[in-house]
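Since the structure comes first, as structure tokens, the remarks are kept for the end.
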Ligand SMILES: [Zn+2]
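Residue numbers (the working numbering): 1 to 59.
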């Protein structure tokens with residue numbers, strides 16, 4: 001499992017393999033480059049922080 005990040009909509013998600021398009025907005029390219037790339041550590045931290053906040057809200 002790896003984390004990926006979409007530059008088009010700034011959506012971060014986990015998947016087993018790099019998808020050819022964003023799972024959220026469907027973008028394949030952004031400014032001439034692949035829209036989806038491996039998330040950086042900062043982007044993963046942000047995703048985990050958001051998920052933790054979502055978990056708190058749903059309780
Ligand atoms: Zn996207």
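Even for Gly, the Cβ is constructed at its ideal location relative to N, Cα and C.
Proximal residues to residue 19 (C-beta, below 8 Å), its chain only, five neighbours per side dropped = 4, 36
Where do the ends of the alpha helix (DSSP H) carrying residue 58 lie?
-> Counting along the chain, the alpha helix (DSSP H) containing residue 58 begins and ends at 41-58.
8 Å contact criterion, which residue 91 and residue 9 should meet: CB distance rounded = A query on residue 91 cannot be resolved here, the shown segment of the chain reaching from 1 to 59 and no further.
Going by Cα to Cα distance, which pick from 33, 34, 1, 6 is closest to residue 25?
-> 6
At what residues does the beta strand (DSSP E) containing residue 77 begin and finish?
-> Look at the range of the chain in this structure, 1 to 59, and you will see that residue 77 is not part of it.
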